[in-house]
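To keep things clear, I will list the structure first and then write my remarks on it.
Residue numbers (the numbering used here): 81 to 163.
Here is the structure:
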């Protein structure tokens, strides 16, 4: 299990992440709405603006205030540390 900090001390298992997306597109906004209505949305922004949306293999949707570049760096650091 590789835990990655997604902001404010919140951790996510990088092995379960399917995609990290920008919240600006209409399809992603729809995914957020649907996950909120069915109870699978996890808001880890602590009231800040959502900069990235993380989709997991268990159909959970996690909102983070870190931008895509910061999260990509954190995930690539975890991958390099495992090798």
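Note that beta-carbon positions come from the ideal geometry of N, C-alpha and C, so glycine has one too.
Residue i versus residue j: straight-line alpha-carbon distance, rounded
i	j	result
residue 123	residue 85	14 Å
residue 83	residue 152	14 Å
residue 146	residue 102	11 Å
residue 137	residue 88	23 Å
residue 140	residue 98	10 Å
residue 142	residue 134	5 Å
residue 150	residue 108	19 Å
DSSP beta-bridge partners of residue i
i	result
residue 141	121, 135
residue 148	Paired residues: none, contrary to the question.
residue 92	84
residue 97	136
Assigned exposure category for residue i - 16 Cβ within 10 Å defines buried
i	result
residue 81	exposed
residue 117	exposed
residue 91	exposed
Residue i and residue j closer than 8 Å at C-beta
i	j	result
residue 157	residue 144	no
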